[in-house]
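Residue numbers (full-length UniProt numbering): 1 to 137.
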């Protein structure tokens, strides 16, 4: 198995709310909307999509309720501290819960963390220490 993710599917409780958060709030563009699932334009990266929480839980054979920290954090690396601040503001305006406001990080970078309306955690980051980072933009 290669160290590669073909797509990322997030289980959501309310498909319309999730679509509004990511499209209207964060500016994502829908590539395919199948009703039970939605996929977004990926700019050549691993595509991100949503699937109804109950349906996805059934499909993968796990509990529908889920609780606590699931051990998943989605990271988004940008090229400036200002861009971290912009995205954090966009996310908060769209209804995200700010978990850690943007600021200096212990390892020398700059970043912040928010949870989307379904509780998925996004960690935004920037670091001037290295040119080979997996930039999202």
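C-beta: ideal position from N, C-alpha, C; glycine also.
Who pairs with residue 169 in a beta bridge, going by DSSP? Outside the displayed span of the chain (1 to 137) sits residue 169, for which this structure offers no information.
Contact set for residue 17: own chain, Cβ-Cβ below 6 Å, skip 5 residues either direction: 117
Cβ pair residue 48, residue 8 closer than 8 Å: yes
Quick check on DSSP: helix, strand or coil for residue 33? strand
Just how far apart, CA to CA, sit residue 105 and residue 136? 19 Å
Hey, could you find the ends of the alpha helix (DSSP H) residue 18 is sitting in? 15-20
Unbroken alpha helix (DSSP H) run spanning residue 93, endpoints: 81-94
Residue 54 to residue 34 span [Cα, whole Å]: 16 Å
Buried or exposed for residue 40, going by 16 or more other Cβ atoms inside 10 Å? buried
With burial defined as no fewer than 16 other Cβ atoms inside 10 Å of the residue's Cβ, what is the status of residue 3: buried or exposed? exposed
In the DSSP assignment, what are the bridge partners of residue 78? DSSP, once it has assigned bridges, lists no residue as partnering residue 78.
Beta-carbon within less than 8 Å of residue 80's beta-carbon, same chain only, minus the 5 sequence neighbours each way: which residues are those? 126
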